[in-house]
Every structure is written in structure tokens, then in C-alpha cells.
Amino acid sequence: MSVSSLLSALLLLASSASASHFYGGSMTFNPIKNPDGSYRVDIRFKEAYHSCYATDSWTCRSGNCGSRTSFVGGRVDSSPNGGSWCQTEAVMKRIVSNNSPFQLQQSSCCWIATTYNIYGGNWGLITHIDLGERSDTSKPNRSPVATTLPIVRVPQNCARNYNLLSCDPDKDKVRCRYGILSASECGMCHQPAGFTLNQSTCTLSNAVNAARGFYAFELVMEDYPTQNITLNYTAMAPAARSPFVNASNPPLSKIPLQFAVEVEAPAPSCIEGEYLPRFLHPTPHQGEHLQARVNQELEIRVKATATFSRISDVVFSGPLNSTKETTTTGEYVINWTPTSDNFGQHFPICFIAEGLNGSRNYQSEMRCVIVVVEAAGPRAHVTCTKDKMSVSIERATISGIHGDHLRLNNNASCAVSSNNTHVFTTFSLNGCGTQIEETDDHLLFKNTIVTFDNPNHIITRKNVFEIEVMCKYQKKSSITTMFDAHRPAVNFTERGFGSFSYQFEFFQSSTFSNIRSPSSYPLDYNVGDMIFMEIAPVNVVQNTEVFVESCVATPFDNPNYPISYPIITNGCGVDDTVKIYSSHQPNVKFSMEAFKFIGQYDQVFISCSIMICQANNPNTRCAKGCTNGTQVASSSHVHKREAAIQTKSHFISQGPLRLRRSASFTDAISPSLNLNLVFVAGCVIAVVAMVCGMMVYKSRGSKVNYQLLKSDEI
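Under the numbering used here, think of the first position of the sequence shown as 22, with each following residue one higher.
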């Protein structure tokens, strides 16, 4: 069974050591048969050292190991915790003339010596590579995939199970065992006390109150067929392989998996979510299979929480060229873009959240997923300008397209056009429900192209798909981005109410007689000025009233932005300056004093959630009015033949409002910079320039896959 790709993260130990001290590693392989009958074998191996250091020393222990054609390596992740470690992965390609078995060893120096129970010893990763053609699949044998994290730590009083996520792309049975000294499978060959290895499930468990210290694990992962099969070779006799019965059964392949576990001082509590971090949505589940596409960026979002510790990092083990970013909402995003060489392979990615309490660092459970690389997806072109995003997608690369049933983010007013060859659209970065996400280094603007049937229907039988598009802007740059367009009316269509449009406008005074001209946006206000607002239908819908459930102010046009200020909640004014002028009317008027977000945010967007109700009906949400935080049952569910009495909630927004700067601050800024159009992060002014346009294809049952499509300088 050759390897799809076992990324196995290695593990380390933690203590003071020089860069040459070895902390753990793993090695896997994947074969591809060439047209001339030879085989290309991709060898992947991971190492962890005290610093980012990798070796390139190989020995052919047996058989014909062929010749090396390429070698590339790099850093995966690192951490200052646990004694400081850095994990690297390298990929070596070799060409062998036939598919006979061979053994390859990557030589490392020594396990690190510590004051606890890990001692030095020569060591190396040895992989038994068998490329025999399987009688059940007629393809070369592939090895299992698995991984673990650098530095796995557990408090002395907390029991944990570490599932090494043994996954086999050929659906073979995977087992794990300790290495055998006589077979040169280990350097120290210890079987640490206080730990139990379930060889059948590849699960490692620690006993409560095991002795504190570091423990090295030198395991061998083997795979066995689930039925009797034959491995056929081009230069030797066939070999039979059968399901596991006992240790005398020869496995299909042998993969090394070596790492370390530290048993730490007891924790105040072993309950996840208190001191030990607990994973939250949208973190994928243990063992989940994620789909990735060739040349499209895969995104894995990880979020954790802990009551008595602060989430300080998420450490991970993944393929070469995977990266990690942190968002302002506390999520960690692991990204990786598979290449054509990765097509058809399986890649494990494991991660652990770390929480800090004083000087103590706690780890969550280790969670692992399997990434299955599929063929390239839709071909798209995304162009990002200062204030717009343009998208063009080749129809031939997407199935199930209905050209007249496409729109942006379920927004009926933001249509997506199509012809015989392409699907295309252009929209404002602050319109059509575009969402903003902020990381340490970037601002991301995202929207989604979706399919729909008749807007009055509540079910669909068409092939449902979503294509998410993105513009990614780097904060530290020298170009400004403008968001100064007046927002047009928002169109809604709902069963029982038909189509209707509502407009969010600002007025000059409490008489609500003089509207602020759309050409004057962004609107200028001083802090403390009164802002007069109205949400009203473009054309009056008979026998209806509008109700404002909530309004929030944000520095960007995104009601879910992490920095927000509530204005109206549950129909009640929560800002002391809010005044609501009308109720139970086709329109709603309200006002408040202008304010400024603390920091260098100089623009404000107002977003409100509204619903339309049947007028004078006491059973509607509109009739309940302000509920002071009490929950009001929704009456929006309509049974067959019942008349609709209210719509669902809809978002409507307007802005930006620009807060006038003091003369002293304005004079300190270059006059060539348009102050209305500057994004800021924290207290440091950071003007934004476009980095690239991206596209994400999401089909039902699949995960998010990103593709880098264009990079321009504006």
C-alpha cells in the first residue's frame, strides 16, 4: 500500500537543546505509475527540532530505491511553548524501475536528553515501501495516513485519549504498535509506563497521575487488507496478503510515527472550556473528511474558548506550504492550496488550541481531519478594484447552472447574469450583502453566488450550489479604498406579500422633510450632532406596517463586524439618545446623536433588521413593539392555505457617516491622502491596497475551497 500522504506531524520534547536536537518525525510515500512502466515515488517526511532545521541524509536499507529527481522542504509551524519547537516537512521524488518492495531510511541524530525520562540515542525514520499492484483495485498499494502534533501536553490529573487518526485510502485496516529494536524501528524502544496503546484503533491513552515528564513514543503504523488479496510485481513473483490475525501476518506497508507527550503539573480543572480550551463552531469535527480541489485554496477555520485562560494560539501539523492566520473574531484559519501532484491523495491535518493563564499554558484535545484532493474546480476570474468586485466564471466548469436563477447572497436586487459561456456579475464592496472579515494582515470582502427557484417557493429540487467570491486587501500599503456610495433601495419578495422595496434615508432635521442628497455621501457629522433616519417603502404597500427589530452601528458595512454598537434591540432604543418618532406605520422614523468609535475609525454604517407585518393584527411581532429583551414567539410560519401575517427579518443598511476630524489631526496627515477613504486597524492608520481576487466553490456536502485567481496593483 503506498502512501497517499501521511503527513504525520512529529512530536517533540521540550527542554533546552541545541538546533541539532531531534524532537520526533514521520515519513510516508505515494507512488504513481509512469507510462514506461517505471514508478515515481513521492516521499514525505516531517521532523521537529528546537529550531527550524531539517536534514537531508538518506540510506537505502534494502531493495532498489531508485534515484532522486527532486527535493523541496520548508517550515510547517512552530511554537515557543513546550521548550520551543519548529516542525518542517520535505517532499522528495524518486524514480524506481519496477514496483518491487524496498526500504528507505532518513537518518536523524538523537532524541533529546532531559531531566525526566527521554534519553539520547541514534534514530532514523524507516519506511517499508511496497508498490505491488493490488488484485482488488488494480492499482499500486497505498499506505495509511495519520499525523500528530508537535508537543502534546496533558495535565497530570486529566485523562486523555489521543486518536492518531489512522486513515487508509485503500480502506485497509490500520494498526499501530511499538517499534522493535531488532528490526531497527526505534532508537530507545521504550514503552512508557502510565500509557496504554490500543493497537487496533491507534489510540493512545494516559493514566491519571502518571509521573510528570516527557515520554517518547516510537510507533510503527501498519495496514492490512480486509480480505485476501494478491500483490503483483513486474520483476518478482506475486505475494499474498491477508487480514490481520497475529503479528506473523506480513503487513502491506510500515510507516513510522514518532512523537513525545509531556505530562505536566495538575490543572485546577479537567473540564474542557474552563482552563483547558474547548473547540467551538466552525471547527471541524474529529475525523471529518474535507474536500479540496487542485489549485484552489482550502480554508479550515478553528475557534476555541476557555473561561479561565486566554486562547493564545492554535498549533497545527499539515502539508508543506500550509499557512495560518488569525481573524479579529478570534478564529484561526489554516490555509493550503493543493497542486496537481496532490490529486487523488489524502492529507491529515491536526491542530491543538492553547490557552494561557498567567505563565501556565494549557492545551485542548488534539483534533484531526482528512483532506481529500479532488480535480480542479470551476475556472473563474475575480477582479478587485478600489470599490468593486467583478466576477466571471466559465459555465463549462460548473454543473447544475440555471442562468436565470442566480443572485448574490439571496439578495433579489443583486442579479447575476449569464450567457452560453460565462456567469458574470459586478457589485460594490459595500453592497449586495458583502461581508467584511479582518485578520492581522488583511481585510477580506466576501459574497456568495447562489441558485434559487421561484422566490415564492420554500423548497427547491434543483441542484443547489454556492460559489463564494472574495477580494483580499493588504492593510499595510499605500492605496486608499473608497466606500462613499449611497445605498439603493433593498428589494424583498415573500409569499403573501409579493415584491416590495424599502429605502433607508437620512434627513436634515426632525421635520423629515429634506432628505440628504445621495450625491453628498459620505455624510459629514460632528460628534453630538443629531442624525435623523427613516426606513420607508418606495411604494406604499397597502395594509402593512414596518417594525425595526434591531439596529447596530459598525465601522464597516457589516452588521456582524466584531466592533459594533447597539442602537435598537428587540424594538427598544438602547442608546440613551435614540428617539423613535413613529410606530405601527408603513414607515419608521428615528434619530440619535452622532458618535465616534474609540480608536481611529472615522466612519460609521447603520444596519437595521426590519420585518413587514399585516397592519392592525395583534398576533404579529410588529404589534408587540418593544419587548425589553423578553422573547416573543414568531408567527411567521405559515401553514398551507393560511394567509401570511408577517415577513421574516431583512437587513437594510446605509452609510457611511463620516465623523469630521479636528484641524490639528487633519494637518498632521498628508494632504494627498483622501481621509474619507482610509481603513484603520487598532490605533495605527493602515491604508488598504488590493492583493488578490479569490473564488470559493461550495457544493452541497462539500467544504470551502479557495482559489487564488488574480493579483493586481491598483
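Note that the Cβ used here is the ideal one computed from N, Cα and C, for glycine as well.
Alpha-carbon to alpha-carbon, residue j and residue i
| i | j | result |
| --- | --- | --- |
| Ala111 | Val62 | 14 Å |
| Arg679 | Asp550 | 12 Å |
| Phe557 | Glu309 | Reading off the sequence, residue 557 comes out as Ala, not Phe. Roughly 47 Å between the two C-alpha positions. |
| Val229 | Ile292 | 14 Å |
| Glu352 | Arg642 | 35 Å |
| Pro176 | Asn102 | 15 Å |
| Met410 | Thr350 | 24 Å |
| Thr90 | Ser83 | 19 Å |
| Glu415 | Asn468 | 18 Å |
| Ser385 | Val173 | 9 Å |
| His211 | Leu170 | 20 Å |
| His605 | Gly454 | 27 Å |
| Arg196 | His71 | 30 Å |
| Glu487 | His426 | 12 Å |
| Ser628 | Phe672 | 7 Å |
| Ser824 | Ser380 | In the structure displayed, the chain extends from 22 to 735; residue 824 sits before or after that span and is not available. |
| Lys600 | Tyr183 | 57 Å |
| Thr18 | Lys160 | Here the chain comprises residues numbered 22 to 735, so residue 18 is not present and cannot be evaluated. |
| Pro213 | Ala268 | 21 Å |
| Tyr542 | Thr648 | 34 Å |
| Glu320 | Thr222 | 28 Å |
| Cys389 | Cys188 | 11 Å |
| Gly452 | His149 | 57 Å |
Beta bridge counterpart(s) of residue i as assigned by DSSP
| i | result |
| --- | --- |
| Cys197 | Met242 |
| Leu273 | According to DSSP, which records beta bridges pairwise, Leu273 is partnered with nothing at all. |
| Ala237 | Ala281 |
| Met632 | Phe568 |
| Leu311 | Val392 |
| Leu678 | Leu544, Val625 |
| Ile53 | Arg61 |
| Ala557 | Gln524 |
| Phe445 | Ser413, Ser438 |
| Asp98 | Gln108 |
| Lys600 | Ser612 |
| Val511 | Tyr523 |
| Cys405 | Met410 |
| Tyr367 | Per the sequence shown, the amino acid found at residue 367 is His instead of Tyr. Its beta-bridge partners are Val393. |
| Tyr383 | Gly376 |
8 Å contact criterion, which residue i and residue j should meet: CB distance rounded
| i | j | result |
| --- | --- | --- |
| Asn120 | Tyr254 | 6 Å |
| Pro264 | Glu243 | Not a contact, Cβ separation roughly 12 Å. |
| Arg233 | Val284 | 5 Å |
| Ser674 | Arg508 | 6 Å |
| Ala325 | Arg299 | 6 Å |
| Asn342 | Gly95 | 7 Å |
| Val97 | Gln108 | 5 Å |
Sequence-distant residues of its chain with Cβ nearer than 7 Å to residue i (five each side left out)
| i | result |
| --- | --- |
| Asn535 | Phe528, Gln529 |
| Arg428 | Cys435, Ala436, Val437, Val471, Phe473 |
| Asn378 | Tyr296, Phe329, Ser330 |
| Ala256 | Asn119, Ser121 |
| Thr217 | Ser226 |
| His443 | Ser413, Ile414, Glu415, Arg416 |
| Cys73 | Arg96, Ser99, Cys107, Thr109 |
| Asn270 | Tyr245, Ser263 |
Residues near residue i in its chain [Cβ-Cβ closer than 6 Å; skip 5 each side]
| i | result |
| --- | --- |
| Asn363 | Val394 |
| Thr446 | Val412, Val437 |
| Ile5 | Here the chain comprises residues numbered 22 to 735, so residue 5 is not present and cannot be evaluated. |
| Ile53 | Arg61 |
| Leu28 | With a pLDDT of 31 at Leu28, under the threshold of 50, the modelled position of that residue is not reliable, and no figure is offered here. |
| Arg400 | Glu415, Thr418 |
| Glu239 | Gly200, Cys207, Gln279 |
| Ala510 | Ser522, Gln524, Val559 |
| Leu696 | With a pLDDT of only 23 at Leu696, under 50, the local geometry of the prediction cannot be trusted, and no value is derived from it. |
| Gly322 | Before going on, a small fix: residue 322 reads as Arg here, not Gly. So the qualifying residues of the chain are Pro303, Glu352, Val354. |
Beta-carbon contacts of residue i that lie in its chain and below 8 Å, excluding the five residues immediately before and after
| i | result |
| --- | --- |
| Val180 | Residue identity differs from the one stated: residue 180 is Ala in this sequence, not Val. Counting only Cβ-Cβ distances below 8 Å, and skipping sequence neighbours, we find Ser226, Asn227, Ala228, Val229, Cys291. |
| Lys194 | Asp244, Tyr245, Pro246, Thr247, Pro264, Phe265 |
Any non-hydrogen atom of the ligand PLP within 6 Å of residue i CB
| i | result |
| --- | --- |
| Gly594 | Ligands in the displayed structure: none, and consequently the ligand PLP is not present. |
The region 325–337 in contact with the region 371–386 per 3-pair CB rule at 8 Å: yes
Please determine if the region 522–542 and the region 580–595 are in contact, where contact requires at least 3 C-beta pairs separated by less than 8 Å. no
Assess contact between the region 270–280 and the region 352–369, defined as three or more Cβ pairs (one per stretch) separated by less than 8 Å. Is contact present? no
Would you call the region 538–553 and the region 577–589 in contact, with 3 or more CB pairs under 8 Å? no
Would the region 311–324 count as touching the region 199–212 if we require 3 or more Cβ pairs under 8 Å? no
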